[in-house]
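Okay, so here's the structure we're looking at.
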Amino acid sequence: MPYLTDSSKLSGFWSARSQGLHRFWWGLRYAQPMTLLGTHLGRKDEYLAWFNTVETPVLRHPASRWSFCQRPPSMVGSQAFHFFGVERVLSDNRGWHWRPWGENWLHNLHAFDDLVADGAEGRFEWHEKLVTNWIVANTPGKGVGWRPHSLSRRIVNWVKWDLDKRGLNEVGRRNLVVQVRFLRQRLGTSMTAAYPTKAGKALLFAGAFFDGAEAAAWRKTGLSVLRTALKPSYMRARLGGGDAYRIAIIEDLLDVIQLDKVYPGLLGRDELARSQDLVLPLLAMDAERSAAPGLDGAEPVFFAEPKVHALRQYAQRLGLNAAA
1270 MPYLTDSSKL SGFWSARSQG LHRFWWGLRY AQPMTLLGTH LGRKDEYLAW FNTVETPVLR
1330 HPASRWSFCQ RPPSMVGSQA FHFFGVERVL SDNRGWHWRP WGENWLHNLH AFDDLVADGA
1390 EGRFEWHEKL VTNWIVANTP GKGVGWRPHS LSRRIVNWVK WDLDKRGLNE VGRRNLVVQV
1450 RFLRQRLGTS MTAAYPTKAG KALLFAGAFF DGAEAAAWRK TGLSVLRTAL KPSYMRARLG
1510 GGDAYRIAII EDLLDVIQLD KVYPGLLGRD ELARSQDLVL PLLAMDAERS AAPGLDGAEP
1570 VFFAEPKVHA LRQYAQRLGL NAAA
């Protein structure tokens, strides 16, 4: 797999100078008409109201519970969180949108990574209250929590949490559907080149978690996004920028492999083989580099990713022969 080498840094079509063209292409491929009607013709309230008017899909029955990858907890109290060496208390609903805390800190708060962190079972009641509070405090489509970075990550974490802990009640599941619909409708206009894999993964997870025609459409779109984002030309540019992207991609691929175990046969042999073929060379890379730079000069969004040794253990639990 030659595109996984360090010599292929930021070249050709996928260089930083062409990211604007990439976003334009992405919009043409994935944007839906309602997105343009809602945001450009002054009908945003009606556009957002649509998400609560369509019937909620039923749940698909899983064959097994979710097995988490090891990662340190970030929720250190019933209302306290620790990101990037900074601990803060979410004393009221305003904290979800308190910009002085910084964009990256808020993105991590909205991502809900602690639901799938080490010892999460001991914080189950905290998590239940946190999910309920988030639903009350975050109006659909408004604020950091509805931007593609934290939105995509939260969708996956809520699905994983429910597959392991059965943590989502009916209100939580309905809100999850609203989030997925919003992500799908905004996919072509709000998604930058930096984060399509997370959006594709979120749609894939939601399409597996729920059943029915709408869920099948999410799954189909999610797989299409992942195939595009994992092409060699795209991977060259991103892997050349730093180790953070590689680590995130490894977990994404391993999660896709486990999703096939939770819902056997849903993804198909070709998709499973593609994920396995991609993840093993990435796991074998030992270089530790700095995080990838932001695109177009924008500040990058960072999340606390698992350590490489935890990812290798995760791969081994899934039956992959990863280097120790």
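The sequence shown begins at 1270 in the working numbering and counts up one residue at a time. Beta carbons: idealized from backbone N, C-alpha and C, even for Gly.
Buried or exposed: which applies to G1388, given that a residue is buried once 16 or more other Cβ atoms fall within 10 Å of its Cβ?
Flag for G1388 reads exposed.
Indicate the three-state DSSP secondary structure (helix, strand or coil) for A1349 in the structure shown.
Residue state, collapsed to three classes: strand.
Within a Cβ cutoff of 6 Å, which residues of the same chain sit near G1588, ignoring the five residues on either side of it in sequence?
No residues qualify anywhere along the chain.
Host alpha helix (DSSP H) of E1324 (start-end):
No alpha helix (DSSP H) holds E1324; DSSP gives it neither H nor E.
Are the C-beta of D1383 and some C-beta of chain C separated by less than 8 Å?
Here chain C cannot be found, since the structure has a single protein chain.
Apply the 10 Å Cβ neighbour rule to G1311 and answer buried if 16 or more other Cβ atoms are within range, or exposed otherwise.
Residue placement at G1311 is poorly supported in this model, since its pLDDT is 39, which falls under 50; the coordinates are not used for a value here.
Which residues bound the alpha helix (DSSP H) around E1356?
Note, E1356: premise wrong, no alpha helix (DSSP H); beta strand (DSSP E) at 1355-1358.
Do three or more CB pairs link the segment 1492-1512 to the segment 1446-1455 at distances below 8 Å?
Contact fails: fewer than three Cβ-Cβ distances are below 8 Å.
Compute the beta-carbon to beta-carbon distance between C1338 and P1550, rounded to the nearest angstrom, for a pair I have assumed lies under 8 Å.
C1338 to P1550, Cβ: 19 Å. No contact.
According to DSSP, which residues form a beta bridge with F1479?
F1479 pairs with L1328.
Buried versus exposed, by CB contacts within 10 Å (16 or more), A1332:
Burial check for A1332: the Cβ neighbour count within 10 Å stays below 16, so the residue is exposed.
Proximal residues to T1466 (C-beta, below 8 Å), its chain only, five neighbours per side dropped
Hits under 8 Å: V1494, L1495, A1498, L1499, A1517, I1518, D1521.
Consult DSSP for M1554 and reduce its assignment to one of helix, strand or coil.
M1554 carries a coil assignment under DSSP once its states are collapsed to helix, strand and coil.
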